[in-house]
Amino acid sequence: MSNNKQTNILILDDEPIVGKRLKPSLEKKGYLVETFTESLEALKRIREHNFDIVITDLKMEGIDGMQFLSEVKERSPRTEVIVITGFATMETAKESFQKGVFDFLAKPFKLGEITEVIRKAESKQQNI
Amino acid sequence: MMMQRFSDWIKQRIPGYTRRSTTLPFSMLFSRFQEILALNNQVLETIAGANDKLSGDYVFDQHYIHVTCGQLIEMVQKLINNLDVIAPGKYPDLNRSFQEIESEIRATLAGKMHGPESEFVIPYKMITKDLSETVGGKNANLGELKTYLGTTIPNGFAISCSAFWAFMEYNGLEPYIKKITDAWLDGSLELEPASKQITEKILAGRLPARLEKELAKAISNLAGNSKERDLFLAVRSSALGEDSKLTFAGQYLSLINEPAANLRKAYIMVLASAYSSTAMEYRRRKGFKEVEVAMAVACQKMAKPKASGVMYTLDPLNPEKDTMLLSATWGLGGPVVSGRATADHFVVDRTSPHRGLEVKVVRKESMLTGLPQGGTGLRPVEEELQTSPALNNGQITRLAATGLAIEKYFNRPQDIEFAVSETGEITILQSRQLTVRPHKTPHAAELADLSARYPVIFRDRGVIAQRGIASGPVFLVRNEDDLKDFPVGSILVTRLASPLLAKVIMKASAIITDVGSATGHLATIAREFRVPALFDTGIGTTELSQGREITLDAEENVIYQGVVKELCYYNLVEDSIEETFEYRLLRRVLKKIEPLRLLDPSEQNFTARNCRSLHDITRFIHEKAVDALIDLNYYQHHDLKTMAGKLKWDIPLDLVMIDIGGGLCKPTAQPAVIVPEDICSVPMQSLLKGLKHPGAWDNEPMSVDFGSFMSSLTRTSPAELSSPRQIGQNLAVISKEYANVSLRLGYHFTMIDSYISANLNDNYAYFRFFGGVTDLNRRSRRAKFLGEVLAHYDFRVELHGDLVVARLKKLDEHSMRQRLYLLGLLVGFTRQLDVKMISEGQVDVYVKKLKNLLEENHEQ
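Residue numbers (the numbering used here), protein chains in the order written: chain X, 1 to 128; chain D, 129 to 988.
Below, the structure written as structure tokens:
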């Protein structure tokens, strides 16, 4: 990373494989990563800590992703939220963007695609 | 979709059809036919997409697998319905085949492990890695070592998972076990009573008659010329998932030196051990699902070893020391394996010649041996042997080399059980993944700044064909001879990703090539054996010199100078993503979806009943839909609004044409003979002109245009082209502005759908190309060639392995005609091309050649 501070990323997806796949891959690129499969636990975590980037699924048990990302943006407007979902529709994409989501990726996606989106989110934050 | 739009248009063009028979009007048949073509394409693309997900480069979840299977099932159901409209009631077996496949897919998705049906008993010599879901990991690993590395393994056979399921069904155990495990998992039943109830029920079970029979035969075969009562067996568990990431070490039962007559009882005891309380708890802790439990069993002929032991190919607690650990004792190895007895210990250098670094010889007063009546017992060791090491230096060196070869092969450190005979011969009894737990767990984050600490030779060059990390000395392969002495564990560096390399791929730590594609045959094999592979670097052979130690990081695409220990240890300790449940599940369902067995319609097995995968059904329906349309409109012409005839031409296309309005210049008698001059269909005209382009169709490779460079590529006559039956019955449905062409040439399937008029907004062309019987490598190259040419001429191209789909729309009439001309030329040209695509470099040559040809021959 060019700057000294490591970028903090929280990943929330109720299917464990998503975090399991992303965490080591992002850590190797120098990111600090925390993964969650339970939305309520993730919610607890974002209430005690502001992340630079939050990656979340939309459809989960417990509270749903839309609610979760709303709370993230309310608490920390500078946090960039990236939505990953297997139920991609125009409506959900639109709603996500209205709520200030940075980008929207339909699952499955390539590792390269999400790292690209993360990089863009970082540079947006650095430019502000 | 474009084709749908066109069928609406046809319906308007053929109004007021008067019924002559019970058959539907052509407009309706044709719209169904078009739907079949469209669905066919969607199915192929979806399958190819699902296969791509296994490369390790995607993040996908169970939701994706379920959705994809659901979509495929729905599409294939629609295909069947459409065919039934075109050919009512003609293929009742298709529904049966479909229902069977569908229920297998749904059962697999629900987690049921009823995998491939197989024999109940499979001899070791028949076992390859493809059978791991049939015979379990332990058996499959041994079979693979024998097949691919030539390792000595015990003589024996596997009792398959099919036998396990048959046993469970025969004794009505499945619902019983499910009820109890569910109760245990939701907390309403304690572990111990749950385990006890299941185990007792299994032990009371009886073998199905077929299994009894197969076992008797296997025992008699194994005994050979000696008496069956002299045959003693080791009966070991070989459960699904055992020996992969979850080692289940010591969880299941192994019975040593069982008399062959006791095999039935021993078998049931091993099955019952699947539900020991420790095994159940282990599965729960590791997230291994109860429905995934399937117990195959290994039956190995007992030998009388002089010494036995265990080898760890890497010190699991101190991997950074780069040593291997061996323990051994006299006689049978049971006490060493279970850690109950003291044994001699050897610490050995992992680097050849595997120097002994530490030796600890203990006093071995007794040894475990097979008893004459079966079972094992302790016997005193002769005084002078008690303090001698159980392995000599030569044996240690050979064991170490074998162990490392096995480690390289499986790409993971191994926990190996071995035996040494009186004559010093080494036999591998079992090999499974070793769990490495270093004191200091490497962390991915520590790898973030590696390139600052280690010299990078090059990075971000080429394409990753298989992810992974490997280190070792470079071994340059310049020609086939070099493959003969390929040193195990080296990194293979070569110019071309040739399929010849498949011979040594299991010995290589990694493969780096100058040229090659991630969709080629070699990539497929690298993926199968999980050998990290980086292709198309352009500079591999020039930058990497013989013998140089390097580390390939085919995750981040970097090649480092020297051994990057952090990366290597991280790789050995990190969980392999391919072993996750999602990968297992996707691989499992794809086995019921992807394999294409129905290749040649002229073969007897090309029947609805023989369809074993969704791909088979899709293929079958396409073929039969073309037949049905030709049959209804050419052989038994019934629709007055259409005309049908066979094309008479220099090129033996065997093409039936159905004209639905203005496609032929003048009306003809039925059934007609059509000559190219009769055709007024704009897209069809251009297509045929392209096919007739000099050199495009020649059966003789030495044509004026191509002879000079083709002759340098191949001297063999392509047998694939010589047989007349290889050109199938082909169909074109045409009108003045429209052509829909289904071609089967050899084993290639081409579909072209195009509309060309003065109004450029209506114009489009769609091209799909698929198939061939040459190896996947050449087919993929041909696909790449087609892709490059089509993209150059403005098509939007999608490539999935050997499937090419290209679309184009809204060009003016002149440009559209040129594109159809190009398609015609490509159809003819590629027909002979895949047999010649012997190397990756040829793709560029052909692309250039074809572009030149088109520039020189401005059509129209």
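Glycine included, each C-beta is placed from N, C-alpha and C at the ideal position.
Checking contacts by CB at 8 Å: is residue i closer than that to chain X?
i, result
"Y186(D)", "yes"
"T457(D)", "no"
"Y192(D)", "yes"
"T708(D)", "yes"
"D588(D)", "no"
"A238(D)", "no"
"D477(D)", "no"
"L575(D)", "yes"
"V195(D)", "yes"
"A572(D)", "yes"
"D189(D)", "yes"
"Q745(D)", "Note that residue 745(D) is Ile in the sequence shown here, rather than Gln. By this cut-off, I745(D) is not an interface position."
"K181(D)", "yes"
"L684(D)", "Looking at the sequence itself, residue 684(D) is Glu, so the reference to Leu does not match. Yes, E684(D) lies at the interface with chain X (some Cβ there is under 8 Å from its Cβ)."
"I653(D)", "no"
"I597(D)", "no"
Would you call residue i buried or exposed, if buried means 16 or more other Cβ atoms sit within 10 Å of its Cβ?
i, result
"M296(D)", "buried"
"D472(D)", "buried"
"S863(D)", "buried"
"E91(X)", "exposed"
"G112(X)", "exposed"
"H482(D)", "buried"
"T958(D)", "buried"
"H750(D)", "buried"
"P723(D)", "exposed"
"L620(D)", "buried"
"R119(X)", "exposed"
"F87(X)", "exposed"
"G498(D)", "buried"
"K635(D)", "buried"
"V973(D)", "exposed"
"F834(D)", "For F834(D), the pLDDT reaches just 37, beneath the cut-off of 50, and the residue's location in the model is therefore unreliable, although a value from the coordinates is still provided. It is buried - the Cβ of F834(D) has at least 16 other Cβ atoms within 10 Å."
So who's on the other strand from residue i, going by DSSP bridges?
i, result
"E386(D)", "L361(D)"
"G459(D)", "L496(D)"
"T878(D)", "L871(D) and F897(D)"
"N8(X)", "L32(X)"
"I53(X)", "I9(X) and E80(X)"
Flag residue i as yes if its beta-carbon sits less than 8 Å from any beta-carbon of chain D, otherwise no.
i, result
"K120(X)", "no"
"G86(X)", "yes"
"I77(X)", "The sequence given here has Pro at residue 77(X), not Ile. Judged by the 8 Å Cβ criterion, P77(X) is not in contact with chain D."
"F104(X)", "no"
"G30(X)", "yes"
"L111(X)", "yes"
"K107(X)", "yes"
Could you check how far apart the C-beta atoms of residue i and residue j are, in whole angstroms? I think they sit under 8 Å.
i, j, result
"A402(D)", "V425(D)", "About 10 Å separates the two Cβ atoms, so there is no contact after all."
"Y866(D)", "P811(D)", "7 Å"
"S579(D)", "K434(D)", "The pair is not a contact, with the Cβ atoms about 51 Å apart (cut-off 8 Å)."
"D13(X)", "Q125(X)", "Actually they are not in contact, since the Cβ atoms of D13(X) and Q125(X) sit about 22 Å apart, beyond 8 Å."
"V263(D)", "L343(D)", "Actually they are not in contact, since the Cβ atoms of V263(D) and L343(D) sit about 15 Å apart, beyond 8 Å."
"A638(D)", "P660(D)", "4 Å"
"V398(D)", "M423(D)", "7 Å"
"R676(D)", "P601(D)", "7 Å"
>> Can you confirm whether the stretch 742-755 of chain D touches the stretch 208-224 of chain D when touching is taken to mean that 3 or more C-beta pairs between the two stretches lie within less than 8 Å?
In response: yes
>> So, does the stretch 531-541 of chain D touch the stretch 437-451 of chain D, judging by three or more C-beta pairs under 8 Å?
In response: yes
>> Across the stretch 883-901 of chain D and the stretch 197-205 of chain D, are there enough close Cβ pairs to call them in contact, namely three or more that are closer than 8 Å?
In response: no
> Which residues, in order along the stretch 16-49 of chain X, keep a beta-carbon less than 9 Å from a beta-carbon of chain C?
Replying inline: Judged by its chain identifiers, the structure shown contains no chain C, and its protein chains are X and D.
>> Would the stretch 552-560 of chain D count as touching the stretch 283-301 of chain D if we require 3 or more Cβ pairs under 8 Å?
In response: no
>> So, does the stretch 218-231 of chain D touch the stretch 251-270 of chain D, judging by three or more C-beta pairs under 8 Å?
In response: no
>> If contact is defined by three or more beta carbon pairs under 8 Å, each pair taking one atom from either stretch, is the stretch 584-599 of chain D in contact with the stretch 688-701 of chain D?
In response: yes
> Is there contact between the stretch 149-166 of chain D and the stretch 906-914 of chain D, where contact requires at least three CB pairs shorter than 8 Å?
Replying inline: no
>> Counting beta carbon pairs with one atom in the stretch 919-932 of chain D and one in the stretch 166-184 of chain D, are three or more of them shorter than 8 Å?
In response: yes
> Are the stretch 377-390 of chain D and the stretch 519-532 of chain D touching, with three or more C-beta to C-beta distances below 8 Å?
Replying inline: no
> Any chance the stretch 318-333 of chain D sits against the stretch 399-419 of chain D, with 3 or more Cβ pairs inside 8 Å?
Replying inline: yes
>> For the pair the stretch 537-547 of chain D and the stretch 341-361 of chain D, tell me if three or more CB-CB distances fall below 8 Å.
In response: no
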